[in-house]
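A quick write-up on the structure given underneath.
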Amino acid sequence: MERSATPNNITYYRLNGFVGSRGHLLTLHDWLTGGDDLPAIAISGEQGYGKSSLAVAAAYNHYYDFSDGIIQVSPAGTSPFRLYDVVRTLDTVLGTALTRTSEDRWGIGILEQLYKRSRLLILDKLAGAT
């Protein structure tokens, strides 16, 4: 399923057998390609309803629209989601050195990695985030 050299860590296994909601995928397509310049899109719902798979399917469908990278971040292990998870994943996928900067610079460092770049950041399992 490898498509190009776009830096990514998309969990393709989520797409095995994914039949998904065509309506939801079309809505996400409109939001991702529309001229509204939406800075964030939230997918919410009960556990087990396929939110993560839907996000991955939308990212895969727009793979070439985000040529600077598609980064999927989930909490490490059973811990609640933390800002460190984003920083660590950006370091791994994009080769940044954010984990070596002071913690009070992480927020701005993340924004610098996204600003004026064609990147998609998927934050997964945000329940209990700190």
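In this text, residue positions in the sequence shown follow our numbering: the first is 9, and each later residue adds one.
For glycine and all other residues, C-beta sits at the position ideal for the given N, C-alpha and C.
Per-residue burial, residue i [other beta carbons within 10 Å of its own, 16 or more giving buried]
i, result
"Thr86", "exposed"
"Val27", "exposed"
"Leu128", "buried"
"Gln55", "exposed"
"Leu34", "exposed"
"Leu46", "exposed"
"Ala50", "exposed"
"Ala48", "exposed"
Spatial neighbours of residue i in its chain, beta-carbon cut-off 6 Å, leaving aside the 5 residues before and after
i, result
"Val140", "Lying outside 9 to 138, the shown extent of the chain, residue 140 is not represented and no answer is given."
"Gly136", "Pro88"
"Lys59", "Ile51, Gly53"
Range covered by the alpha helix (DSSP H) that runs through residue i
i, result
"Arg108", "No alpha helix (DSSP H) contains Arg108, which DSSP labels as neither H nor E."
"Gln121", "114-122"
Bounding residues of the beta strand (DSSP E) (the contiguous stretch that carries residue i)
i, result
"Val27", "Here Val27 belongs to no beta strand (DSSP E), and DSSP marks it neither H nor E."
"Gly77", "77-81"
Neighbour flag for residue i against chain B, beta carbons, 8 Å
i, result
"Pro88", "This model lacks chain B altogether, as it is built from one protein chain only."
Anticipated Cβ contact below 8 Å, residue i with residue j, distance rounded
i, j, result
"His70", "Leu119", "Their Cβ separation, rounded to whole angstroms, is 21 Å, which puts His70 and Leu119 out of contact at 8 Å."
"Lys133", "Pro83", "6 Å"
"Thr14", "Ile78", "6 Å"
"Asn16", "Val101", "7 Å"
"Leu62", "His37", "Their Cβ separation, rounded to whole angstroms, is 12 Å, which puts Leu62 and His37 out of contact at 8 Å."
"Ser75", "Ser126", "5 Å"
"Leu106", "Asp99", "6 Å"
"Thr104", "Gln121", "6 Å"
For residue i, three-class secondary structure by DSSP
i, result
"Asn177", "Absent from the model: residue 177. The displayed extent of the chain is 9 to 138, so no value can be given."
"Leu128", "strand"
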